[in-house]
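A.B. asks: Chains as they are written, first to last, in full-length UniProt numbering: chain S, 1 to 299; chain F, 1 to 522; chain E, 1 to 313. For glycine and all other residues, C-beta sits at the position ideal for the given N, C-alpha and C.
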Amino acid sequence: MTLDLTPAETPVPAAAGTPGRPVLRALLRDRRALFSGLVLVATIVVAAVSPLLHAAATAVAPDRRLRGPGADHLLGTDELGRDVLARMVQGAWVTVQTAAVAVGLALVIGTLIGLLAGYAGGWADSLLMRVIDGLLAFPLLVLALAVVAALGPGLRNALIAIAVIVTPRIARVVRGEVLSLRTREWVAAARIVGVPRRTILLRHLLPHLAGSLLVFTALQASTAIMAEAALSFLGLGVQPPQPSWGAMVSAGTEHLDTTWALSVFPGLAILLVIVAFNLLADALRDALDAHRPQLRATA
Amino acid sequence: MSVPPGMSRRAILGLTASALAATALTACGGDSGGSSAGSGQGTLTIGFDNEPVSLDPALSSAISSDRNLLNLFYEGLVRQEKDGTIVPALAESWKVDGSALTFTLRTGVTFHDGSPFDADAAAWNLKRVIDPATRSTKAGTLSTIASVTVLDPRTVRIQTKSPDPLLLTQLSYEPGMMVSRKAASAAGKDFGRGPVGTGPFVLERWIAKSQLVAKRNPGYWRKDAAGQALPRLDKVVVRFITEPKTLRAELSTGGVQLLRALPPEEYTQLKDNAQVRLEDLGVRRSYYLAVNSTRAPFDKLAPRRALAGAIDRDGVGQTAASGEYDLTATFATKADWFADPTLPVPAFDAAKAGAAFAAAGVGAGTPLKLVVRNRPPDPTIAQLIQANLRAAGLEVTIEALQLESYLDTLKKGDFDLGLGVIDVPRYDPSLTFDPYLSSTGPNNFSKIKDPELDKVLAAGRAAPDRKVRTEAYTDVQRRVLDQSHLVFLHQARSPVIHRSDLSGLAFDLDGQWRLHEARLGR
Amino acid sequence: MLTYVIRRCLHLIPVLLVVSLALFVLLRLLPGDPSTAILGPEATEAQRATLRGDLGLDQPLWQQYVDWIAGLVRGDLGQSWLTREPVGAAIADRLPVTVELGVTSLLLATVIGIPAGILAAVRARRRTDSAVTGIAMLLLSVPHFYLATLLVLLFAVTLRWLPASGFVAFTEDPAGNLRFLILPAVTVGSTIVAVAMRQTRASLLATLGEDYIRTAEAGGLARRRIVLVHAMRNALAPVTTVIALQVGALMSATVITETIFTLPGMGTLIVNAIFSRDMPIVQGAVLVVVAFVLAVNLLTDLIYAWLDPRITY
């Protein structure tokens, strides 16, 4: 039996065995993977060139405010007369940072916690799992809201809040994987011949769960981008005049009845990137599933 | 108090219909002048954006907006007219004699719960506000009172520590509103959810975040000029709606007939609607920049003066207030009696400001932190100021915060510039200026410590004569402009907005409405 | 089985303790206090200090925490600092709105998601399948605040069919209540519809590949009957589980959705209380939500365990 996956809540079924080259070949043949690769690379390139358009994105010109899409300004202008397209390009940089920094941070810390909890077992594991269960039961946005309200608004603090959301999810998945791998003969054998614990964890266990962790991380990237956009939407993310796609959608809702483009296009950009991450996760999972001995049910 | 279970819309309509029928009957029966029953004029529905936390006047926390609703239920001993004169209300007359203020009370007035209004009730109310155990937010306004004495059932005397020329004005508003002792004692801490006063309307129910329904007080003492019983409305329904767009839509479709305020961007869209009236009562939203005088560069006078000339007030007003604004020198509106038209609005000149900053030793790229509230249009104004200051060579970082964090930051002083707004006029200039300019003022965000300014503020507060006060407040304004402790921006117009078939509205000096004579229909 | 149930229930106690402690500490880190909301923005420092004393904010933190927990044990959630309303009553006021929103969304998910998933599975790798799968991917990916904005733009601003925000109680005006609820419910339901579609398709495809179905087909049973009765019966367990697991995410989704549509539910209660620093309300409401999510998760686990004979204890 297979369990289809949803980005936020369900752990990924394990991809046992080493993925490696066949998986990569499968991915290259997968249209979904190619599409998402294209979108993600394009986003990174756009983010990289964003400094070039910084002036256009911040030049205030009230006399040309709230224009619809047109020849001068492809996607129109905002409430201060700034070019929407140029601001969206700036926003890409925030999104890339969110995916890289917040998820990266959560990945490192979450993996460490998960490895330690899963391998150590006992009361340390119990305690960590209670904390993680508790954090996971919080409404995601309430937790982020409280963290940002406590630290103050701004991109850095929003990224910390997102990392706080994502870390326990990753830790739980990693721990689950370690628990099932720990009982394998080769791990026991390594332990008996006196391989140090750190080597077992990092050299033997980690590579085995890399595949499923990759899928889960792709899904978490979309959660993180959604959360950043939502925080910015509520005015708790990046501070003006720095644009973020979520903040642009939010500012645009003030003028929805006159200048709809203001909200619609930045939102489309968010949607596109999240779709890319979700498709990538789907493709990756299918590729991994096809290249391992058997399916295991997750319960 | 316990809110009665939800009344169906049909029941409300039914009541309205029967009231209308009653009106018709009265009309048929000829002039029943002065009858206390059955002169209803239907239901007025109001869209209100700022739901009070408490309807106990002693605990009211809003600067003024709560009074729109408090006026439904309560009255004071006296009342201040739009032009500033004090007229009788629950007191028929009064006499000022040095530090003694003696009121002769109206007879035959009862509270909504039937308990009589008399000198005992009046004295108890005043003492209640002063009593520290009440935790009244208005206690400070009556702090000059030394004693309150009941001379006879309709005479009460207030003795102040020294002559207090502001006392009568204060008593016209929340601090002087009379609540039922019986109801307040019975409800205790919950009194704020179940107001009982002598006012034209009686609370029917109040569902938090949804609506408040008040019905006609059949025993209301006041009559109109023709001797007809008041109030004319049967019912007032206050719907709590926070979204300006929803408020505007509801008004244009007739779902509500009266609004407290709308941002210019919304109300300019109603200007061509023949069904809607925008009534400019002189209320303005006066934007300002608090300038932190405890940290560099604005701890020195020259950079503060350069700042005053670096901001394009017209540009801000055009963009953030859709052109619906006045430019004034300070918080005084153009119509205020203490306004001095000769006080100059600092001229905007980016190049000159840049040079002035440089001359004052504020180099190009000096970083500044601008704190604003995170609600429209404040972040937009902040970004315009940021652009203005960049043109003058300064690098401004904006921090947009929720109210609590915003006030916390301003009070702690962790900022260079703070964008704020106050509704003006207030019912006395001391209320407008003192909190923001006095060295002990709770909202002295600029951290002004200016003995000169404190002296003229005190003079304005203490003088009984309006001419002397005008001079004092001119001095206040001149001083604060000279020192550039605050930068005053535009004043956005904030008209009262209602359906054109609503008439008979009366207003407090600061534009809050009183509905005892309001009527619907031609 | 019974001991397993009891053990799982006992596990909830430390989790709730952790949550309450984390919540309490986090909220005390927020700058500012409720004095502005209660006393107004121009209250003096002396007034604020008195108020803090009245609210017990001058007591040591551990004392405040212990008092709160002691109250909880007695079943007393405390009083709102702002309105003095009992927290329990405030929650009882708001919970029905959120529950109504949640149930409507779940209903949408079931009514639209499962049939669409079946359709996609039956037409696997054909155009209908691609369309359903594509739509599911979009719904899964669209942030709620963006979908809400698009819905408002289309149905409220352009077509003027539905209100952009606001609420009226069902008991007061049932038709009006539904009008206010449609857009929020579609917003919250979008994710669950997508999840239901994808899971139904995946489970059904897996089941349709199993031997007994092939046998049934070979035996000449009608295709429709095979899919709807035999295959679906087995595919339903994981679908139910996955939808139930969405309840946590659903509670998160209601927070931002209620804020956008200004519905007076638990989400707006919590958000407004965070902003006005009305801590007893935030603590009580979040704890109720968390306990609810934990209970649903537990129930899901138990039902899943009960349905799936392969799992032992």
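Using the Cβ count rule (16 or more neighbours within 10 Å means buried), how would you classify E/Val25?
C.D. replies: Taking the third sequence and counting its residues from 1, one reaches residue 25 of chain E at position 25. Classification of E/Val25: exposed, given that the 10 Å Cβ count is below 16.
A.B. asks: Return the chain-ordered list of same chain residues with a C-beta closer than 6 Å to the C-beta of F/Ala364, the five sequence neighbours on each side being excluded.
C.D. replies: Translated into the one-based positions of the second sequence, residue 364 of chain F becomes position 364. So the qualifying residues of the chain are Gly393.
A.B. asks: Under a CB-based cut-off of 9 Å, is F/Lys223 close to chain E?
C.D. replies: Here residue 223 of chain F is taken as the residue at index 223 of the second sequence, counted from 1. No, its Cβ sits nowhere closer than 9 Å to a Cβ of chain E.
A.B. asks: Along the stretch 60 to 72 of chain S, what residues have a CB closer than 7 Å to any CB found in chain F?
C.D. replies: Residues passing the 7 Å Cβ filter: Val60, Pro62, Arg65.
A.B. asks: Chain F partners of E/Arg277, CB-CB under 7 Å?
C.D. replies: By 1-based counting over the third sequence, the position of residue 277 of chain E is 277. Under the 7 Å cutoff, chain F gives Glu404.
A.B. asks: Applying the 10 Å Cβ sphere with the 16-neighbour rule, what's the burial state of S/Val193?
C.D. replies: As a position in the first sequence, residue 193 of chain S is number 193, starting the count at 1. When all chains shown are included, S/Val193 counts as exposed.
A.B. asks: Chain F beta carbons: is any one of them nearer than 9 Å to that of E/Leu51?
C.D. replies: The residue given as residue 51 of chain E occupies position 51 in the third sequence. Yes, contact with chain F.
A.B. asks: List the endpoints of the continuous beta strand (DSSP E) containing E/Arg126.
C.D. replies: The count along the third sequence starts at 1 and reaches residue 126 of chain E at position 126. Note, E/Arg126: premise wrong, no beta strand (DSSP E); not H, not E.
A.B. asks: Using a Cβ cut-off of 9 Å, pull out every chain S residue sitting near F/Glu399, in sequence order please.
C.D. replies: Working through the second sequence from its first residue, we reach residue 399 of chain F at position 399. Within 9 Å Cβ-Cβ: Gly152, Pro153, Gly154, Gln239.
A.B. asks: What residues of chain S sit near F/Ala387, judged by a beta carbon separation below 7 Å?
C.D. replies: Taking the first residue of the second sequence as 1, we reach residue 387 of chain F at position 387. Chain S residues near F/Ala387: Val60.
A.B. asks: What are the residues that DSSP puts in a beta bridge with F/Tyr287?
C.D. replies: Sequence index remark: in the second sequence, residue 287 of chain F carries index 287 (1-based). Paired residue(s): F/Val421.
A.B. asks: Can you check which of these residues, F/Thr397, F/Val179, F/Leu481, F/Phe445, is closest to F/Gly420 by C-alpha distance?
C.D. replies: Against the second sequence, residue 420 of chain F aligns to sequence position 420. Residue F/Phe445 is the option with its Cα nearest to F/Gly420.
A.B. asks: Suppose you measure from the CA of F/Gly114 to the CA of F/Leu90; what does that come to, to the nearest Å?
C.D. replies: As a first step, residue 114 of chain F must be located in the second sequence, where it is residue number 114. As a first step, residue 90 of chain F must be located in the second sequence, where it is residue number 90. Straight-line Cα distance between these residues: approximately 16 Å.
A.B. asks: If you count every other CB in all the chains shown that lies within 10 Å of the CB of S/Leu288, and 16 or more means buried, which is it?
C.D. replies: The count along the first sequence starts at 1 and reaches residue 288 of chain S at position 288. With 16 or more Cβ atoms within 10 Å of its Cβ, S/Leu288 is classed as buried.
A.B. asks: Please name the residue in S/Met248, S/Ala230, S/Asn157, S/Asp257 whose C-alpha comes closest to that of S/Leu105.
C.D. replies: The residue you call residue 105 of chain S lines up with position 105 of the first sequence. Considering only alpha carbons, the answer is S/Asn157.
A.B. asks: Step through the CB atoms of chain S and report whether any lies within less than 9 Å of the CB of F/Pro376.
C.D. replies: Counted from its first residue, the second sequence places residue 376 of chain F at position 376. Closer than 9 Å: yes.
A.B. asks: Going by CA-CA distance only, name the one from E/Asp301, E/Val296, E/Val289 that's closest to S/Val142.
C.D. replies: If you number the first sequence from 1, residue 142 of chain S lands on position 142. S/Val142 has its Cα closest to that of E/Val289, out of E/Asp301, E/Val296, E/Val289.
A.B. asks: According to DSSP, simplified to helix, strand and coil, what is S/Arg65?
C.D. replies: On the first sequence, position 65 is the one that residue 65 of chain S refers to. Three-state result, S/Arg65: coil.
A.B. asks: Using a Cβ-Cβ cut-off of 9 Å, state whether S/Gly76 counts as contacting chain F.
C.D. replies: As a position in the first sequence, residue 76 of chain S is number 76, starting the count at 1. Closer than 9 Å: no.
A.B. asks: Is there a Cβ from chain F that is less than 9 Å from the Cβ of E/Leu39?
C.D. replies: Numbered from its first residue, the third sequence carries residue 39 of chain E at position 39. Yes, its Cβ sits closer than 9 Å to a Cβ of chain F.
A.B. asks: For F/Tyr427, which three-state DSSP category applies?
C.D. replies: Locating residue 427 of chain F in the second sequence gives position 427, where the first residue counts as 1. DSSP places F/Tyr427 in coil when its eight states are reduced to three.
A.B. asks: Any beta-carbon of chain E closer than 9 Å to the one on S/Gly122?
C.D. replies: One-based indexing of the first sequence puts residue 122 of chain S at position 122. Taking Cβ atoms only, chain E never reaches closer than 9 Å to S/Gly122, which makes this a no.
A.B. asks: Using a Cβ-Cβ distance cut-off of 9 Å, determine whether S/Ala92 contacts chain E.
C.D. replies: Numbered from its first residue, the first sequence carries residue 92 of chain S at position 92. Judged by the 9 Å Cβ criterion, S/Ala92 is not in contact with chain E.
A.B. asks: Unbroken alpha helix (DSSP H) runs of length 4 or more, entirely within the stretch 387 to 475 of chain F: which are they?
C.D. replies: The stretch 387 to 475 of chain F contains these whole alpha helix (DSSP H) runs: 403 to 412, 429 to 437, 451 to 462.
A.B. asks: List the endpoints of the continuous alpha helix (DSSP H) containing S/Thr167.
C.D. replies: Position 167 of the first sequence holds residue 167 of chain S. It spans 155 to 182 - the alpha helix (DSSP H) in which S/Thr167 sits, taken as one unbroken run.
A.B. asks: Which same chain residues end up closer than 6 Å to E/Asn234 when comparing Cβ atoms and leaving out the 5 residues on each side of it in sequence?
C.D. replies: By one-based count along the third sequence, residue 234 of chain E stands at place 234. Counting only Cβ-Cβ distances below 6 Å, and skipping sequence neighbours, we find Thr207.
A.B. asks: Could you round the C-beta distance between F/Gln386 and F/Leu370 to whole angstroms and report it? I think they count as a contact, below 8 Å.
C.D. replies: Position 386 of the second sequence, counting from 1, holds the residue named residue 386 of chain F. Position 370 of the second sequence, counting from 1, holds the residue named residue 370 of chain F. Correct: roughly 7 Å between the Cβ atoms.
A.B. asks: Tell me, please, whether the CB atom of F/Arg135 is closer than 9 Å to any CB atom in chain E?
C.D. replies: The sequence position of residue 135 of chain F within the second sequence is 135, counting from 1. Output row for F/Arg135: interface = yes.
A.B. asks: Report the neighbours of S/Leu80 on chain F: residues whose CB is nearer than 9 Å to its CB, in chain order.
C.D. replies: What you label residue 80 of chain S is simply residue 80 of the first sequence in a count that begins at 1. Chain F residues near S/Leu80: Thr319, Thr380, Gln383, Leu384, Ala387.
A.B. asks: List the residues that DSSP assigns as beta-bridge partners of F/Thr160.
C.D. replies: Position 160 of the second sequence, counted from the first residue, corresponds to residue 160 of chain F. BP columns for F/Thr160 point to F/Ile145.
A.B. asks: Give the secondary structure of E/Gly53 by DSSP, where H, G and I count as helix, E and B as strand, and everything else as coil.
C.D. replies: Walking along the third sequence from the start, residue 53 of chain E turns up at place 53. E/Gly53 falls in the helix class under three-state DSSP.
A.B. asks: Taking the beta carbon of F/Arg132 as the centre, do at least 16 other beta carbons fall within 10 Å, making it buried, or is it exposed?
C.D. replies: Taking the second sequence and counting its residues from 1, the one referred to as residue 132 of chain F is at position 132. In the sequence as displayed, the identity of residue 132 of chain F is Pro instead of Arg. Burial call: exposed.
A.B. asks: For the beta strand (DSSP E) that contains F/Leu368, what are its first and last residues?
C.D. replies: Taking the second sequence and counting its residues from 1, the one referred to as residue 368 of chain F is at position 368. It spans 366 to 373 - the beta strand (DSSP E) in which F/Leu368 sits, taken as one unbroken run.
A.B. asks: Run down chain F in chain order and give the residues with a C-beta less than 7 Å from the C-beta of E/Gly166.
C.D. replies: For this step, residue 166 of chain E is matched to residue 166 along the third sequence. Within chain F, the residues near E/Gly166 are Ile241, Thr246.
A.B. asks: Counting only runs of 4+ residues fully inside the stretch 253 to 297 of chain F, write out the alpha helix (DSSP H) ranges in chain order.
C.D. replies: Runs of the alpha helix (DSSP H) inside the stretch 253 to 297 of chain F: 264 to 267.
A.B. asks: Mapping the DSSP letters down to three states, classify F/Lys300 as helix, strand or coil.
C.D. replies: Taking the first residue of the second sequence as position 1, residue 300 of chain F is located at position 300. Looking at F/Lys300 - three-state DSSP - the assignment turns out to be coil, as it is neither helix nor strand.
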